[in-house]
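Residue numbers (our numbering): 1 to 150.
Every residue, glycine too, gets a C-beta built ideally from N, C-alpha and C.
One structure is given below, encoded as structure tokens.
Here it is as structure tokens:
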């Protein structure tokens, strides 16, 4: 994204304090009944500079909206992200760079949201095992028409 939006300044690893712990929250291990055998290693990242903060979502909702006054760069960009639960790990870092962000838990590419929000950046994020949902949802007639027109 930095190539297309030079105002974005990636956080460098040396700006962070990284700690870790193990838990039994891994969903694949739970599906197999092996959460007590296979622990998931969670990483906690905090800025060394205490004037900066990484804010994790308090909960996971279908639609999360953020307006941000605590950017790490001069970005005034707006983001729309279609996502799944994995994005909960990305959201705190994306929020550092976007003045406004909408995170929509959907495997469908909702073109009406793009038209309404008029974002600078659109991200579609989905774990590979959920891509079959995304590919089984047909595009809207408008998207098909606009795509075939080009």
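query = Which one or two residues does DSSP pair with residue 50 in a beta bridge?
reply = For this step, residue 50 is matched to residue 50 along the chain shown. In DSSP, residue 50 forms no bridge with anything.
inquiry  = Contact between the region 34-51 and the region 12-24 is defined here as three or more beta-carbon pairs at a separation below 8 Å; is this criterion met?
reply    = yes
query = Which residues in the same chain have their Cβ closer than 8 Å to the Cβ of residue 17, if we skip the five residues on either side of it in sequence?
reply = The residue given as residue 17 occupies position 17 in the chain shown. 45, 46, 47, 48, listed in sequence order.
message = If I follow the unbroken beta strand (DSSP E) through residue 80, where does it start and stop?
response = As a first step, residue 80 must be located in the chain shown, where it is residue number 80. Unbroken beta strand (DSSP E) run through residue 80: 78-83.
task = Have a look at 124, 74, 64, 15 and flag the residue whose alpha-carbon is nearest the alpha-carbon of residue 111.
result = Numbered from 1 along the chain shown, position 111 holds the residue referred to as residue 111. Closest by alpha carbon: 124.
inquiry  = Less than 8 Å between the beta carbons of residue 64 and residue 103, yes or no?
reply    = Sequence index remark: in the chain shown, residue 64 carries index 64 (1-based). Sequence index remark: in the chain shown, residue 103 carries index 103 (1-based). Closer than 8 Å, so yes.
ask   = Considering residue 94, what are the terminal residues of the alpha helix (DSSP H) in which it resides?
value = Numbered from 1 along the chain shown, position 94 holds the residue referred to as residue 94. From DSSP, the alpha helix (DSSP H) with residue 94 extends over 91-94.
ask   = Looking at residue 94 and residue 79, is the spacing between their C-beta atoms short of 8 Å?
value = In the chain shown, residue 79 corresponds to position 79, counting from 1. In the chain shown, residue 94 corresponds to position 94, counting from 1. Yes, they are a contact pair.
ask   = Should residue 135 be labelled buried (16 or more other beta-carbon atoms within 10 Å of its own) or exposed?
value = As a first step, residue 135 must be located in the chain shown, where it is residue number 135. Residue 135 comes out exposed.
ask   = For the beta strand (DSSP E) that contains residue 16, what are its first and last residues?
value = Residue numbering aside, residue 16 sits at position 16 when the chain shown is read from its first letter. 16-23 is the extent of the beta strand (DSSP E) around residue 16.
Exposed unless 16 or more other CB atoms sit within 10 angstroms - verdict on residue 81 = Within the chain shown, residue 81 is the residue found at index 81, counting from 1. Burial call: buried.
query = Should residue 67 and residue 8 be called a contact, given that it needs their Cβ atoms to be closer than 8 Å?
reply = Reading the chain shown from its first residue, position 67 is the one you call residue 67. Reading the chain shown from its first residue, position 8 is the one you call residue 8. For residue 67 and residue 8, no; Cβs fall outside 8 Å.
request  = Name, in chain order, the residues that DSSP records as bridge partners for residue 40.
outcome  = Numbered from its first residue, the chain shown carries residue 40 at position 40. DSSP lists 23 as partners of residue 40.
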